[in-house]
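Protein chains in written order, with our numbering: chain V, 1 to 415; chain D, 1 to 415. From the three backbone atoms N, C-alpha and C, an ideal C-beta is built for every residue, glycine too. Bear in mind the structure is a predicted one, so any value in this text is a computation, not a measurement. Report on the following structure.
Number of protein chains: 2
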Amino acid sequence: MPEQKIPRIDGERLWHSLMEMAKIGATEKGGNCRLALTDLDRDGRNLFVQWCRDAGCSIKVDKMGNIFARRDGRNNDLPPVMTGSHLDTQPTGGRFDGVYGVLAGLEVIRSLNDLGYETEHPVEVSVWTNEEGSRFAPAMVASGVFAGAFDLEYGLSRADADGTTIGEELERIGYAGTEAVGGRDIHAFFEVHIEQGPILEIEGQTIGVVTDAQGLRWFDLTVFGLESHAGPTPMAERKDAMAGATRMADFIYKVAHDNAPLGCATIGSMSVFPNSRNVIPGRVDMTIDMRHPDLSTLDKMETSMRAGIDKVAGDIGLTTTLDRIFCYDPIQFDEGCIAAVRDAAEFCGFSKRDIVSGAGHDSCYISRVAPTSMIFVPCIDGISHNEIEDAKPEWISAGGNVLFHAILGKAGLVA
Amino acid sequence: MPEQKIPRIDGERLWHSLMEMAKIGATEKGGNCRLALTDLDRDGRNLFVQWCRDAGCSIKVDKMGNIFARRDGRNNDLPPVMTGSHLDTQPTGGRFDGVYGVLAGLEVIRSLNDLGYETEHPVEVSVWTNEEGSRFAPAMVASGVFAGAFDLEYGLSRADADGTTIGEELERIGYAGTEAVGGRDIHAFFEVHIEQGPILEIEGQTIGVVTDAQGLRWFDLTVFGLESHAGPTPMAERKDAMAGATRMADFIYKVAHDNAPLGCATIGSMSVFPNSRNVIPGRVDMTIDMRHPDLSTLDKMETSMRAGIDKVAGDIGLTTTLDRIFCYDPIQFDEGCIAAVRDAAEFCGFSKRDIVSGAGHDSCYISRVAPTSMIFVPCIDGISHNEIEDAKPEWISAGGNVLFHAILGKAGLVA
Chain V
1 MPEQKIPRID GERLWHSLME MAKIGATEKG GNCRLALTDL DRDGRNLFVQ WCRDAGCSIK
61 VDKMGNIFAR RDGRNNDLPP VMTGSHLDTQ PTGGRFDGVY GVLAGLEVIR SLNDLGYETE
121 HPVEVSVWTN EEGSRFAPAM VASGVFAGAF DLEYGLSRAD ADGTTIGEEL ERIGYAGTEA
181 VGGRDIHAFF EVHIEQGPIL EIEGQTIGVV TDAQGLRWFD LTVFGLESHA GPTPMAERKD
241 AMAGATRMAD FIYKVAHDNA PLGCATIGSM SVFPNSRNVI PGRVDMTIDM RHPDLSTLDK
301 METSMRAGID KVAGDIGLTT TLDRIFCYDP IQFDEGCIAA VRDAAEFCGF SKRDIVSGAG
361 HDSCYISRVA PTSMIFVPCI DGISHNEIED AKPEWISAGG NVLFHAILGK AGLVA
Chain D
1 MPEQKIPRID GERLWHSLME MAKIGATEKG GNCRLALTDL DRDGRNLFVQ WCRDAGCSIK
61 VDKMGNIFAR RDGRNNDLPP VMTGSHLDTQ PTGGRFDGVY GVLAGLEVIR SLNDLGYETE
121 HPVEVSVWTN EEGSRFAPAM VASGVFAGAF DLEYGLSRAD ADGTTIGEEL ERIGYAGTEA
181 VGGRDIHAFF EVHIEQGPIL EIEGQTIGVV TDAQGLRWFD LTVFGLESHA GPTPMAERKD
241 AMAGATRMAD FIYKVAHDNA PLGCATIGSM SVFPNSRNVI PGRVDMTIDM RHPDLSTLDK
301 METSMRAGID KVAGDIGLTT TLDRIFCYDP IQFDEGCIAA VRDAAEFCGF SKRDIVSGAG
361 HDSCYISRVA PTSMIFVPCI DGISHNEIED AKPEWISAGG NVLFHAILGK AGLVA
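If you want it as structure tokens, here you go:
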């Protein structure tokens with residue numbers, strides 16, 4: 001079938017909407033900072049809601065602040081086909097992570113309107129609260145509540161570094177909705193997202209058909225030593241928490257390298273006490289993010305890391321606490337949804353490959369309560385969670401078209 | 001000579017004064033937090049000044065906020081014999097570091113009064129502003145201005161993390177004095193201090209006759225990588241600033257161990273950007289404190305450290321900046337003052353050994369403009385810059401007595 005005859009979304013309009021949204025919380029280096037439930041996040045939500053209303057959607061907000069923009073189908077008793085992602089960003093985030101999945105959903109609805117298409121099932125676009133977890137841990141907490149992984153009280157009581165809770169901030173910005181969170185049927189859920197890794201671009205593929213998601217474990221490690229004066233304490237007499245922490249970090253990176261390329265480890269945050277340049281640190285707090293798509297390998301990585309930390313602590317005379325504060329096991333997405341994405345990419349004529357998601361996404365939770373899969377497009381140099389995160393307009397458009405046809409495939413075009 | 005016939009200070013009174021001062025800024029764990037030029041530092045200064053006035057001293061304050069409490073001699077045209085230290089502490093400091101040297105000086109004056117002794121030279125007790133450097137870098141800035149190492153404008157313009165300057169805080173707490181800083185003769189300067197290391201206690205010696213002070217270099221190291229998402233970026237593709245920083249730290253510690261026991265290195269402070277647990281750090285800032293009493297060895301340690309940092313950066317594809325923000329060369333104290341301390345310890349019958357100061361002290365600067373030496377006493381387990389810093393009352397008393405007789409030796413007892 002010649003490509004021009006395939007019904008398509010308006011890629012330029014999608015790109016333009018992304019650039020408009022990126023003005024809210026724009027950073028000097030061209031990125032975005034819209035931390036969850038801040039005034040800027042509210043402004044982004046308001047813009048999205050306005051656009052959806054302009055496109056004829058009805059809006060519902062649930063008690064976790066998740067937004068659902070609905071375009072009715074012919075049979076509104078059928079469960080919706082849903083797509084969506086998140087509008088919040090990392091502190092120094094980019095213009096595509098999350099927001100692309102939301103606005104691609106909006107673009108699907110706009111294109112259905114333009115084409116005068118009616119679907120059997122309703123189509124909904126969702127915005128999930130606090131996906132990033134930068135402001136409120138854990139990440140993906142609101143899709144997690146939706147999927148029953150956490151209860152509502154837990155979700156609303158998550159607090160930021162200042163002690164302000166999600167519930168308080170939802171009230172403040174006007175997104176404490178009245179709808180129950182979850183507990184309803186979804187016919188299929190899709191999420192289109194930039195890959196956030198380099199594989200598609202390196203291989204020159206346009207579409208990643210996401211079959212699995214890596215398992216993830218988050219740890220908080222605290223190393224306790226003995227504060228003392230930096231001058232007169234000989235090296236051999238020190239119980240230097242920083243010397244222990246850096247050697248432990250080296251070991252943790254080694255565990256990841258030993259399990260590369262699929263295994264990885266990140267130490268994204270570290271705090272030192274008392275944090276004075278001429279005092280031997282008495283305490284270091286650090287976070288560890290460890291991932292692998294195979295559960296038994298992830299278990300082995302954790303075991304190996306724990307042994308290495310204990311060894312270093314014993315050698316230097318330090319004590320430690322290591323808490324696993326969050327984890328999710330590797331995910332296999334729904335065969336039917338994967339097939340819908342693969343078929344849509346083939347129908348549109350895009351190059352594609354199967355791929356494993358290295359990152360956690362709202363889809364990982366939604367897959368517990370609805371048939372789910374994801375669509376990846378490349379991003380420049382594989383960079384994400386960075387202000388220079390970038391993507392080519394043709395990739396963004398391609399992912400939108402695959403989403404459009406995958407949704408049509410599941411929602412059913414009324415003849 | 002039987003010990004009881006030697007004129008002595010009142011050790012119990014000195015101990016009591018230390019415990020009274022320690023109530024100002026007392027911490028839960030039994031330490032002290034009187035950061036330079038805070039309200040608590042002002043309260044400590046006020047108490048000291050009141051005690052000195054009660055002991056008949058006149059008080060002068062210079063433009064750097066240094067306090068001089070003077071007991072006249074028979075010939076007030078002679079330059080004073082001076083002793084002193086500092087009242088400010090680390091954020092989690094102890095009850096002896098600095099304050100002991102100040103209150104031992106006060107105790108010498110009280111004892112001279114009790115004994116009805118007149119000295120040829122005036123005797124002064126000094127309090128040097130911001131010795132610790134915890135709030136305002138660099139450390140020992142006010143004794144440095146006094147000694148001509150820094151100019152006054154530089155000293156007053158040093159700012160804390162909030163941008164507040166020393167000059168502003170001196171005005172605010174009422175210690176912006178009118179006296180010129182330095183530029184006057186001092187006949188001899190002594191400073192008694194806890195060792196802040198374990199050597200005297202391990203060897204069972206009561207008095208350390210301080211002959212030298214270690215050279216010190218402070219560096220600010222910044223490691224630049226590339227922020228990216230913690231999940232989908234394979235280990236081999238990462239430019240992880242934290243992975244670089246921890247490997248560099250390991251190398252810096254190795255350089256110190258290779259030059260132990262006299263060489264040492266401390267990484268007391270580290271900051272990570274963007275400091276999010278699922279973002280590969282794009283930047284890490286860290287401080288390095290490196291010390292050795294031999295200048296050429298210190299040079300070699302720095303050279304070796306620089307090469308190691310460059311090697312790690314090259315291996316991972318990172319860039320770095322390494323600034324030497326502060327240094328002082330090793331110090332040899334004055335032979336005459338060292339002899340006065342040694343003679344005083346012998347006269348009192350205390351065990352003693354020569355020792356090198358591992359820490360920087362105000363004496364290191366004052367030695368540039370006056371014959372100077374120091375007296376060390378042990379501290380428990382060698383621990384300092386820590387709330388559990390402790391010393392036995394008999395050590396505190398012994399150091400006070402050595403100071404008393406060293407001062408008498410230099411100031412001249414009027415027969």
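- Residue pairing by DSSP puts D/LYS60 in a beta bridge opposite D/PHE68.
- Taking 7 angstroms as the cut-off between beta carbons, the residues of the stretch 256-270 of chain D near chain V are ALA256, HIS257, ALA260, PRO261, CYS264, THR266, ILE267, GLY268, SER269 and MET270, in sequence order.
- If the five residues before and after V/LEU40 are omitted, its C-beta is found closer than 8 angstroms to the C-beta atoms of ILE24, GLY25, CYS33 and ARG34, all from its own chain and listed in chain order.
- The three-state reading of DSSP puts D/MET235 in helix, counting H, G and I together.
- Residue D/PHE333 holds the alpha-carbon nearest to the alpha-carbon of D/ILE355 among D/ILE366, D/PHE333, D/ALA370 and D/LEU106.
- Residue-level contact check: V/ASP250 touches chain D, since one or more beta carbons of chain D fall below 8 angstroms from its beta carbon.
- Among the CB atoms of chain D, none fall inside 8 angstroms of the CB of V/GLU28.
- Secondary structure in the stretch 320-379 of chain D: the beta strand (DSSP E) runs of 3 residues or longer, each lying completely within the stretch, are 352-357 and 372-377 in chain order.
- The beta carbon of V/LEU103 sits closer than 7 angstroms to those of LEU14, SER17, LEU18 and MET21, all from its chain and outside the five residues before and after it, given in chain order.
- Taken through DSSP and simplified to helix, strand or coil, D/PHE136 comes out as coil.
- If you draw a 10 Å sphere on the C-beta of D/SER58, you find fewer than 16 other C-beta atoms in it, and that means exposed.
- Look at V/TRP51 here: in three-state DSSP terms it is helix.
- In the three-state scheme derived from DSSP, where H, G and I count as helix and E and B as strand, V/LEU78 is classed as coil.
- Sequence-ordered contacts of the stretch 353-382 of chain D with chain V read SER357, GLY358, ALA359, GLY360 and GLY382 [C-beta pairs closer than 8 angstroms].
- Take V/SER373, set aside five residues on each side of it, and the residues of its chain with a beta-carbon closer than 7 angstroms to its own are PHE190, VAL210, PHE333, ASP334, CYS337, ILE338 and VAL341, in chain order.
- Per DSSP, reduced to three states, the secondary structure at D/ASP299 is helical.
- If you look at D/SER157, you'll find it in the alpha helix (DSSP H) that goes 152-157.
- Here D/PRO274 has GLU227, PRO281 and GLY282 as same chain residues with Cβ atoms under 8 angstroms from its own Cβ, once five neighbours each way along the sequence are excluded.
- Residue contact check for D/TRP15 against chain V: no CB pair falls below 8 angstroms.
- For V/ALA313, there are no neighbours in chain D by C-beta distance under 9 angstroms, as the nearest C-beta there is about 15 angstroms away.
- When Cβ-Cβ separations below 8 angstroms define contact, V/ARG95 makes no contact with chain D.
- Using a 10 angstroms sphere on the CB of D/ASP362, the tally of other CB atoms reaches 16 or more, which defines it as buried.
- Close CB contacts of V/SER134 within its chain, under the 7 angstroms cut and outside five residues either way in sequence, are with LEU35, GLN90 and PRO91 (chain order).
- By the criterion of a C-beta distance shorter than 8 angstroms, D/THR27 is surrounded in its chain by CYS33, THR92 and GLU387, once the five residues flanking it on both sides are discounted.
- Counting only unbroken stretches of 4 or more residues, the alpha helix (DSSP H) elements lying wholly within the stretch 162-224 of chain D are 166-173 and 199-203, in sequence order.
- For the stretch 287-309 of chain V, residues whose beta-carbon sits nearer than 7 angstroms to a beta-carbon of chain D comprise THR287, ASP289 and ARG291.
- Rounded to the nearest whole angstrom, the CA to CA distance from V/GLY73 to V/GLY105 is 15 angstroms.
- Pairing V/GLY208 with V/ARG353 gives a Cβ-Cβ distance under 8 angstroms.
- Within the stretch 116-146 of chain V, GLU132, GLY133, SER134, ALA137 and ALA139 place their CB atoms closer than 9 angstroms to a CB of chain D, listed in sequence order.
- Secondary-structure assignment with DSSP links V/ALA26 through a beta bridge to V/ASN32.
- In this structure D/GLN196 is buried. Its beta-carbon is surrounded by 16 or more other beta-carbon atoms within 10 angstroms.
- Taking a C-beta distance under 8 angstroms as the contact criterion, V/ILE166 and V/LEU221 do not qualify as a contact pair.
- DSSP places D/GLY84 within a strand segment (E or B) once states are collapsed to three.
- Here V/ALA249 is buried, its C-beta having at least 16 other C-beta atoms within 10 Å.
- Residues of chain D whose Cβ lies closer than 9 angstroms to the Cβ of V/ALA339 do not exist, since the nearest Cβ in that chain is about 23 angstroms away.
- Proximity of chain D to V/ARG277 at the Cβ level (cut-off 7 angstroms) is accounted for by TRP218, GLY268, SER269, THR287 and ASP289, in chain order.
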